[in-house]
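Chemist: At position 212 of the sequence shown the residue is numbered 234 (this note's numbering), and the sequence of numbers has no breaks.
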Amino acid sequence: MAQPIFFKQPPSSTLTELAALTGAVLVDPTRGGHVIRGLASLDEAGPMHLAFFDNLRYADQLKATKAGACLVSPRFEAQVPAHVAVLRAGQPFRAFVKLAREWHADALRPQSWFDNDGIAPSAIIDPSAHLEDGVIVDPLAVIGPRVEIGAGTVIGAGAVIGADVKIGRDCNVGARTAIQFALIGNNVLIHPACSIGQDGYGFIFFGPEGHLKVPQTGRVLIQNDVEVGAGTTIDRGSLRDTVIGEGTKIDNQVQIGHNVTIGRHCLLAAQIGLAGSLTIGDNVALGAKVGINNHLKIGDGAQVTAMSGVKDDIPPNGRWGGFFAKPTKQWFKEIVAVERLAQGGRAAPKGEGRE
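#1: Note down the Cα distance separating residue 159 from residue 26, rounded to an integer number of angstroms.
#2: Roughly how many whole angstroms lie between the Cα atoms of residue 335 and residue 316?
#3: Given a threshold of 16 other Cβ atoms within 10 Å of its Cβ, counted over all protein chains shown, does residue 241 qualify as buried or as exposed?
#4: Using DSSP's beta-bridge definition, name the partner residues of residue 308.
#5: May I ask you to report which of helix, strand or coil DSSP gives residue 341?
#6: Residue 375 by DSSP, collapsed to three states: which one?
#7: What is the rounded straight-line gap between the Cα of residue 156 and the Cα of residue 130?
#8: For residue 31 and residue 226, I'd like the C-alpha separation in whole angstroms.
#9: With distances taken Cα to Cα, identify the nearest neighbour of residue 174 among 366, 138, 184, 109.
#10: Less than 8 angstroms between CB atoms is the rule here; does residue 74 satisfy it with respect to chain C?
#11: Which class does residue 66 belong to by DSSP, given the choice of helix, strand or coil?
#12: For the beta strand (DSSP E) containing residue 91, name the first residue and the last one.
#13: Among 237, 235, 230, 191, which has the Cα closest to the Cα of residue 244?
#14: If you follow the beta strand (DSSP E) that residue 75 is in, where does it begin and where does it stop?
#15: Kindly confirm or deny that the segment 279-287 and the segment 260-269 touch, where touching means at least three C-beta pairs closer than 8 angstroms.
#16: What does a CB cutoff of less than 7 angstroms around residue 234 pick up in its chain, not counting 5 residues either side in sequence?
#17: With 16 other CB atoms within 10 Å as the buried threshold, where does residue 114 fall?
#18: Using 8 angstroms as the Cβ pair cut-off and three pairs as the minimum, do the segment 317-331 and the segment 290-309 touch?
#19: CB-CB under 8 angstroms to residue 305, same chain, minus the five flanking residues each way: which ones, in chain order?
#20: Nearest to residue 198 by CA position, among 165, 341, 37, is which residue?
#21: Can you list, in chain order, the residues of its chain whose CB lies under 6 angstroms from that of residue 291, leaving out five sequence neighbours each side?
#22: Residue 133 to residue 127, Cα distance in whole Å?
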């Protein structure tokens, strides 16, 4: 059985052409006619592949690579084997990605899973919904009353769009995603199996009548150029809206509670849990499995290391980590002190416990 190729194959290009595309310098111009037909990692590349190197951790792979060419910084240029053509770049990975985006644009934005270019016969669309020209709706999707969807948007198979939801242009709503009580901007990418706009976890606990549910009457607002990873949940607000700021990128399986405000161009890695009524500033980066307590403020530019638990406000540009999270310098000092106690007061070996 032939192996399927899921994405379009890139055009063959010479090293001279690749240097022009990436802005790199071909160190040996006599190799300019060598043809490259694809991209690969150092350990899997062959003579027709371009690879990149920018991390000493993979020095052994660089020595053994069979790649035809390699993007590399001036710092590591001398370590490239003689049979590999060198493309010198200040930022090799960025140059590699620039080329990958050019060659594999079809991998950047999902299209119909069924090669559908219109509305599938099995889709259910309320007569009061308004879809602009060029909207694609895959099989078994359900679009409710008064929904508005902009041109170029793709609604995946089995997705459910609730009443009055508005989705902008050039968006993608993944298969089996459910959206209600939400307003979504342009160029928003929502991966499969997301739940957006369900009520948040709001109760008055342990009252005489049991746990008394608080009505959640807010919305979810997702601004332009946001990406939401597969299996992510975004609760609607209770009194005010839950807001995801422009350009923010959210990984898979993230939980965002009600009334959370996330600023612009933030990065949220997988399995983060954000409790309700948080305010997160612009350009914040949160590592995988970070948990943040409710009603806190995370300042612009702050960073939190993976698997940290945050119970206090973090100032702008703060670098915090640990459980419970604190400034990383303090956290590292405490780790070293605990190690010394565990060793009976002896100092830890130089560098141990540090990155």
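C-beta atoms are modelled at their ideal positions from N, C-alpha and C, and glycine is treated no differently.
Modeler: Reading from the atomic positions:
#1: Walking along the sequence shown from the start, residue 159 turns up at place 137. Walking along the sequence shown from the start, residue 26 turns up at place 4. Their Cα atoms are separated by approximately 25 angstroms.
#2: Position 313 of the sequence shown, counted from the first residue, corresponds to residue 335. Position 294 of the sequence shown, counted from the first residue, corresponds to residue 316. Approximately 10 angstroms, taken between the alpha carbons.
#3: Position 219 of the sequence shown, counting from 1, holds the residue named residue 241. Only buried fits residue 241, as 16 or more other CB atoms lie within 10 angstroms of its CB.
#4: Against the sequence shown, residue 308 aligns to sequence position 286. 290, 326, per the DSSP bridge assignment.
#5: Numbered from 1 along the sequence shown, position 319 holds the residue referred to as residue 341. Residue 341 falls in the strand class under three-state DSSP.
#6: To locate residue 375, count along the sequence shown from 1; it is residue 353. Residue confidence for residue 375 is low, a pLDDT of 42 falling below 50, so the modelled location carries little weight; the figure read from the coordinates is stated next. Shown here, residue 375 sits in coil according to DSSP, grouped into three states, outside any helix or strand.
#7: Locating residue 156 in the sequence shown gives position 134, counting from the first residue. Locating residue 130 in the sequence shown gives position 108, counting from the first residue. Spanning the two alpha carbons is a distance of roughly 19 angstroms.
#8: Counted from its first residue, the sequence shown places residue 31 at position 9. Counted from its first residue, the sequence shown places residue 226 at position 204. Each residue's Cα considered, the two are about 57 angstroms apart.
#9: On the sequence shown, position 152 is the one that residue 174 refers to. The candidate whose alpha carbon is nearest that of residue 174 is 138.
#10: Considering every chain present, this structure includes no chain C. It has just one protein chain.
#11: Taking the sequence shown and counting its residues from 1, the one referred to as residue 66 is at position 44. If DSSP states are grouped into helix, strand and coil, residue 66 belongs with coil.
#12: Indexing the sequence shown from 1 puts residue 91 at position 69. Under the DSSP assignment, residue 91 falls in the beta strand (DSSP E) whose first and last residues are 91-94.
#13: Numbered from its first residue, the sequence shown carries residue 244 at position 222. Measuring from the Cα of residue 244, the nearest candidate turns out to be 191.
#14: As a first step, residue 75 must be located in the sequence shown, where it is residue number 53. Where residue 75 is concerned, the enclosing beta strand (DSSP E) stretches over 71-75.
#15: The segment 279-287, when compared against the segment 260-269, does touch it at the 8 angstroms Cβ threshold.
#16: Translated into the one-based positions of the sequence shown, residue 234 becomes position 212. Taken in chain order, the residues that qualify are 225, 226.
#17: Position 92 of the sequence shown, counted from the first residue, corresponds to residue 114. The residue in question, residue 114, is buried, as its Cβ has 16 or more Cβ neighbours within 10 Å.
#18: yes
#19: Translated into positions along the sequence shown, residue 305 becomes position 283. Closer than 8 angstroms at Cβ, skipping near neighbours: 285, 286, 287, 288, 322, 323.
#20: As a working mapping, residue 198 is identified with position 176 in the sequence shown. Answer by Cα proximity: 165.
#21: Within the sequence shown, the letter at position 269 stands for residue 291. Closer than 6 angstroms at Cβ, skipping near neighbours: 273, 309, 310.
#22: For the purposes of this step, residue 133 is taken as residue 111 along the sequence shown, with counting starting at 1. For the purposes of this step, residue 127 is taken as residue 105 along the sequence shown, with counting starting at 1. Each residue's Cα considered, the two are about 11 angstroms apart.
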